[in-house]
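In my numbering, the protein residues as written are 37 to 410.
1. Ends of the alpha helix (DSSP H) at residue 180?
2. DSSP state of residue 357, grouped into three classes?
3. Quick one: give me the first and last residue of the alpha helix (DSSP H) that residue 381 is part of.
4. Starting from residue 342 and walking both ways along the beta strand (DSSP E), at which residues does that stretch end?
5. Can you tell me whether residue 332 is helix, strand or coil according to DSSP?
6. Could you work out which residue in 384, 140, 212 and 296 is closest to residue 267 when comparing CA atoms only?
7. CB residue 383 to CB residue 323, shorter than 8 Å?
8. Between which residues of its own chain and residue 220 is the CB-CB distance below 6 Å, once the five residues before and five after are set aside?
9. So what's residue 325 in DSSP terms, helix, strand or just coil?
10. Does DSSP put residue 141 in a helix, a strand or coil?
11. Would you kindly check if the distance between the Cβ of residue 230 and the Cβ of residue 376 is under 8 Å?
12. Tell me where the alpha helix (DSSP H) around residue 309 begins and ends.
13. Looking only at C-alpha atoms, which of 157, 273, 288 and 306 sits nearest to residue 205?
14. What does the alpha-carbon distance come out to for the pair residue 390 and residue 311?
15. Excluding sequence positions up to five away, which residues of its chain have a Cβ less than 7 Å from the Cβ of residue 357?
16. So residue 145 packs on residue 183, CB below 8 Å; how close in whole Å?
17. Closer than 7 Å: is that where the CB of residue 227 sits relative to any heavy atom of the ligand GTP?
18. Between the stretch 294 to 310 and the stretch 385 to 405, do three or more beta carbon pairs fall short of 8 Å?
19. Are the beta-carbon atoms of residue 228 and residue 363 separated by less than 8 Å?
20. Buried or exposed: where does residue 294 fall if 16 or more other Cβ atoms within 10 Å of its Cβ makes it buried?
21. Whole angstroms are fine: how far does the CA of residue 319 sit from the CA of residue 313?
22. Tell me the rounded alpha-carbon separation between residue 130 and residue 366.
23. Considering Cα atoms alone, identify which of 197, 161 and 189 is closest to residue 173.
24. Considering only their Cβ atoms, is the gap separating residue 251 from residue 297 smaller than 8 Å?
25. Just to confirm, is the Cβ distance from residue 169 to residue 180 under 8 Å?
26. Under a three-way DSSP split, which group does residue 237 fall into?
27. Taking the C-alpha atoms as reference points, what is the distance between residue 290 and residue 186?
28. Measuring straight from C-alpha to C-alpha, what distance separates residue 155 and residue 161?
29. Using C-beta distances below 7 Å, list every residue in its chain close to residue 171, excluding the 5 sequence neighbours before and after it, in chain order.
30. In or out: residue 371 buried (at least 16 other Cβ within 10 Å) or exposed?
31. In whole angstroms, give me the CA-to-CA distance for residue 148 and residue 135.
32. Under a three-way DSSP split, which group does residue 229 fall into?
33. So residue 265 packs on residue 240, CB below 8 Å; how close in whole Å?
34. Who pairs with residue 350 in a beta bridge, going by DSSP?
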């Protein structure tokens, strides 16, 4: 031992060996993924989605939550550190994939080297680490052994593996739910913030039963499975009232308020429900008035999700008539964040939005009264 090393050991105590560091698990030795270390904080229900710029160098104040870099997070999630509600299988698959990636990076393996272990391709390992493909127990265990996972890491991986194979509640509706919509529902279960824009209908997470039925029947008239589609929507919106729910901002074109889906009475009750939900902490409902919507409102729905754990930090869902696109690349998500930023700038503030909802509800209430009298 050199004289300098001897002085350092006398000052700091004996240093752990590389083997000892591996035995304690990677959480103390590996750096966190950059997006986790610099993940913005949410800004609650302030109604703002961020600063005036989306440059990565700007100290974003609150548009999509946060105030720039913050301290690195505590030790990576373990079996006892999951959220209070039971994680959904797709959310757990992302956690499992993220944990495997941490293990692989910690021991210096490439995707190609890991692929040899599971007799697959680098693309397969990448999909597994992103939680996109179904995790086979044999592959996961072979990788954990190959990476030299500690007993604590192995127990955590086994727990995540068992949860990932559980059946998600919405699978019972798979006969009436296209694959692209099931993926959106799975992402909603693991979101900490949801920002959605709608030009024609109330967002699905905020629809009442009769309004949802009217929307479904307008698209699929006289379909025997429509009641199951409505039941799915009612189950789906439970996430807004679960423990630790996601923050939600809903941006509605004013035209949504002018289309009486289901008739005046149903529309009146739907608007009253929006007013009720708008008073729940963490839910922000904003209306884009006609005079401000023309230049900024796209003709298709957009949903931005910031995820809690595992997988990409954010996902943008862009819906079309019979399909949808999921965007995770930074250049793509930044484009749609800019679009949502403009929509938020154009939207009325909370008080004005509430006034517009009340005015529309009053109008439909009067129409309902007149129709009953006549």
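We put the CB at the ideal spot given by N, CA and C, even for glycine.
Put simply:
1. 173 to 182
2. coil
3. 366 to 382
4. 338 to 343
5. coil
6. 212
7. yes
8. 353
9. coil
10. helix
11. no
12. 300 to 313
13. 273
14. 7 Å
15. none
16. 7 Å
17. For the ligand GTP, the structure offers nothing, since it holds no ligand at all.
18. yes
19. no
20. exposed
21. 7 Å
22. 18 Å
23. 197
24. yes
25. no
26. coil
27. 56 Å
28. 10 Å
29. 129, 132, 164, 197 and 200
30. exposed
31. 18 Å
32. strand
33. Not a contact, Cβ separation roughly 10 Å.
34. 342
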